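What follows is the structure, given as structure tokens:
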């Protein structure tokens, strides 16, 4: 018999809004709906008594040199009275605009984190900076959508995850966030007007930083 090791696929979870959620779709320009953001800060991180985790949300719309100066940020903090309330965020959520994402055929730069300029430009630089920003028990979450160009579906998750691993992240989970709400035994779509036709969800990728001591 061949000497093989059984595969253990990483878990994929599907998130739906509550049936009484009025804003099932994200606001214009966003990737995640507000209800999913609330779920990240309470349920996903596993905080005691569902106290919201500290979270820094950023919106990445381009990866040209100097991208950091153009990234809008929105901090979601805990009370300073809570232990650790004045420290940095424990969760970094990056919403990636579909137009900035690499196509599946794009190759990663040779040498990954060892390449010249890896700490400054493009996706390799972003993941290295995120790795340095987060604490040992922190999470990096990437939220993005697929897109269709001339009928061709582009799914960049494989390329992004490979680049994140090169920078020192561990891939934990893939969460599908549905743009719609359950009504009885049916799912009623709530599609953003600016999403590609036929794209009824976004993808949330969870990673944790690996520290070498």
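In our numbering, the protein residues as written are -17 to 195.
Note that beta-carbon positions come from the ideal geometry of N, C-alpha and C, so glycine has one too.
Since we're looking at a predicted model, the values are computed, not measured.
Best match in the options for proximity to residue i [C-alpha to C-alpha]
{"i": "residue 15", "options": "58, 184 and 49", "result": "184"}
{"i": "residue 40", "options": "47, 57 and 46", "result": "57"}
{"i": "residue 49", "options": "111, 153 and 135", "result": "111"}
{"i": "residue 150", "options": "22, 79 and 120", "result": "120"}
{"i": "residue 75", "options": "46, 181 and 116", "result": "116"}
{"i": "residue 3", "options": "188, 163 and 190", "result": "163"}
{"i": "residue 182", "options": "193, 12, 127 and 109", "result": "127"}
{"i": "residue 155", "options": "122, 187 and 124", "result": "187"}
{"i": "residue 54", "options": "130, 12 and 20", "result": "12"}
{"i": "residue 78", "options": "107, 9 and 123", "result": "123"}
{"i": "residue 157", "options": "37, 189 and 46", "result": "189"}
{"i": "residue 107", "options": "125, 46 and 193", "result": "46"}
{"i": "residue 141", "options": "114, 104 and 167", "result": "104"}
{"i": "residue 192", "options": "19, 169, 114 and 25", "result": "114"}
Coil, strand or helix - residue i by DSSP
{"i": "residue 39", "result": "strand"}
{"i": "residue 143", "result": "helix"}
{"i": "residue 104", "result": "helix"}
{"i": "residue 161", "result": "coil"}
{"i": "residue 188", "result": "strand"}
{"i": "residue 56", "result": "strand"}
{"i": "residue 14", "result": "coil"}
{"i": "residue 152", "result": "strand"}
{"i": "residue 110", "result": "helix"}
{"i": "residue -16", "result": "Residue placement at residue -16 is flagged as unreliable, the pLDDT there being 45, under the threshold of 50; the coordinate-derived value follows with that caveat. Three-state result, residue -16: coil."}
{"i": "residue 20", "result": "helix"}
{"i": "residue 116", "result": "coil"}
{"i": "residue 68", "result": "Confidence at residue 68 is low in this model, with a pLDDT of 47, below 50, so the placement of that residue is unreliable and no value is reported for it."}
{"i": "residue 2", "result": "coil"}
{"i": "residue 44", "result": "coil"}
For residue i: DSSP bridge partner residues
{"i": "residue 136", "result": "129"}
{"i": "residue -3", "result": "159"}
{"i": "residue 124", "result": "76 and 187"}
{"i": "residue 171", "result": "162"}
Proximity test, residue i beta-carbon vs the ligand SAM heavy atom, cut-off 7 Å
{"i": "residue 141", "result": "With respect to the ligand SAM, the structure offers nothing, as it holds no ligand at all."}
Beta-carbon proximity list for residue i, same chain, < 8 Å, skipping 5 on both sides
{"i": "residue 87", "result": "Confidence at residue 87 is low in this model, with a pLDDT of 47, below 50, so its placement is unreliable and the value that follows should be read with caution. For residue 87, where only same-chain residues beyond five positions count, there are no Cβ hits under 8 Å."}
{"i": "residue 165", "result": "1"}
{"i": "residue 52", "result": "43 and 44"}
{"i": "residue 17", "result": "-1, 0, 3, 5 and 6"}
{"i": "residue 198", "result": "Shown here, the chain extends from -17 to 195; a query on residue 198 therefore has no answer."}
{"i": "residue 139", "result": "126, 156, 185 and 187"}
{"i": "residue 180", "result": "130"}
Sequence-distant residues of the same chain with beta carbon closer than 7 Å to residue i, five excluded per side
{"i": "residue 7", "result": "15, 161, 172, 173 and 174"}
{"i": "residue 177", "result": "127"}
{"i": "residue 147", "result": "153"}
{"i": "residue 21", "result": "-3"}
Close beta carbons around residue i, own chain, < 6 Å, minus the five adjacent residues each side
{"i": "residue 92", "result": "Residue confidence for residue 92 is low, a pLDDT of 41 falling below 50, so the modelled location carries little weight and cannot support an answer."}
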